[in-house]
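Each residue of the sequence shown is one higher than the last, beginning at 2 in our numbering. Backbone N, C-alpha and C fix where the C-beta goes; we use that ideal spot for every residue, glycine too.
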Amino acid sequence: MKALLHLTAEETQPRSLETHSHCFTAFNYFVLGTRSTDQRIPRPFFHYIPCTTSEMSAPKTIAFFGATIGCGLATLSNALDADTRCIALCRTPSKLQGLFSDDKASRLTIIEGNVHDVDAVKKCLTVDGTHLVDTIIFSIGSRSMNYKLELDDPSICRRAIATVLEALNQLRRQGLTGRPRLIALSTTGISQFGPDTPYIVGLLYYYLLYSPHEDKKAMEQLITGSDEDFTIVRSSWMLDGATNKAIRVGVEDPKHGRESNAIGYSITREDVGKWIFENLVQNDNGVYVRKIATITH
Numbered sequence: 002m003k004a005l006l007h008l009t010a011e012e013t014q015p016r017s018l019e020t021h022s023h024c025f026t027a028f029n030y031f032v033l034g035t036r037s038t039d040q041r042i043p044r045p046f047f048h049y050i051p052c053t054t055s056e057m058s059a060p061k062t063i064a065f066f067g068a069t070i071g072c073g074l075a076t077l078s079n080a081l082d083a084d085t086r087c088i089a090l091c092r093t094p095s096k097l098q099g100l101f102s103d104d105k106a107s108r109l110t111i112i113e114g115n116v117h118d119v120d121a122v123k124k125c126l127t128v129d130g131t132h133l134v135d136t137i138i139f140s141i142g143s144r145s146m147n148y149k150l151e152l153d154d155p156s157i158c159r160r161a162i163a164t165v166l167e168a169l170n171q172l173r174r175q176g177l178t179g180r181p182r183l184i185a186l187s188t189t190g191i192s193q194f195g196p197d198t199p200y201i202v203g204l205l206y207y208y209l210l211y212s213p214h215e216d217k218k219a220m221e222q223l224i225t226g227s228d229e230d231f232t233i234v235r236s237s238w239m240l241d242g243a244t245n246k247a248i249r250v251g252v253e254d255p256k257h258g259r260e261s262n263a264i265g266y267s268i269t270r271e272d273v274g275k276w277i278f279e280n281l282v283q284n285d286n287g288v289y290v291r292k293i294a295t296i297t298h
């Protein structure tokens, strides 16, 4: 159960052992020095106060950039299934309209605009005009326009994330409170700490996807160089369709290097979206804060 710890100097009667978990009993013994239920120790210590039901069940609000296709859409779908309030920035709102039931659509706010427009981005990051959203899902990417794999916007990721970071700074200067978790979708094949793909996939990446990978690198550098709480998700080669396959996870610290490996060939977009929502939004335990997670089947 989520709880708050408040510092007090009052002499307080310890709670009955039956009301404590084993962990909290150990806390009383080793930290507070309480050895029996009738012993009092008049010194400052932490007092456990449970949160109210309303505090525990307060719904989260997620801002989406890149929610109309792929992993962004898959994450959005999972969020709406879980009764989460969502705000999505779209150049073409019709791409999202009509995709969800009326019940799910009632929890989705679509803002028409471009991710390079800081004012449009600020609208997507604001809740009730007073505070920032809880989570940001950033899955913006460029598209290949011809058989030569030339991109329609070779620097879209770098420029778009720069706009999001600037929007956050402006909103804080305007007095809005909150510290959103920034979750950005990247790719394997760009780690500075050694290979994170099979050898043949690494070759294909280098010769076919050099330009978009340079853009993803620049995006990652802006994120890791910021003061935001972030998680970068590097997925392996993406396919379509949900599966029941296990997802392996590798972890990298952008400053100190690889903590664990997960090297694989592919993963589906639907599985990426489900993993992001379940592990970084719904059941987040802080393991991946300011880390890079590599996911693959």
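- For residue 275, there is no enclosing beta strand (DSSP E); the residue is found in the alpha helix (DSSP H) stretching over 270-277.
- From the listed residues 72, 173, 179 and 176, the smallest Cα separation to residue 238 is found for 72.
- The Cβ atoms of residue 242 and residue 225 lie no closer than 8 angstroms to each other.
- Counting C-beta pairs closer than 8 angstroms gives fewer than three between the stretch 167-178 and the stretch 208-223, which falls short of the contact rule.
- Using a Cβ-Cβ distance cut-off of 8 angstroms, the stretch 114-121 and the stretch 185-198 are not in contact, since fewer than three pairs of beta carbons, one from each stretch, lie closer than that value.
- Judged by beta-carbon spacing, residue 136 lies beyond the 8 angstroms limit of residue 177, meaning their Cβ atoms are not closer than that value.
- The stretch 214-257 is shown to contain no whole alpha helix (DSSP H) run of 4 or more residues.
- Residue 107 is classed as exposed because its beta carbon has fewer than 16 other beta carbons within 10 Å across all chains shown.
- Between residue 76 and residue 96, the C-beta spacing is not below 8 angstroms.
- Residue 102: not part of any beta strand (DSSP E); DSSP gives it neither H nor E.
- Using a Cβ-Cβ distance cut-off of 8 angstroms, the stretch 85-100 and the stretch 154-161 are not in contact, since fewer than three pairs of beta carbons, one from each stretch, lie closer than that value.
- Here residue 86 has 60, 62 and 108 as same chain residues with Cβ atoms under 6 angstroms from its own Cβ, once five neighbours each way along the sequence are excluded.
- Going by C-alpha positions, residue 262 is about 33 angstroms away from residue 179.
- For residue 294, the enclosing beta strand (DSSP E) has its first and last residue at 292-297.
- The Cβ-Cβ distance between residue 250 and residue 292 does not fall below 8 angstroms.
- Residue pairing for residue 87: DSSP places it in a beta bridge opposite 63 and 109.
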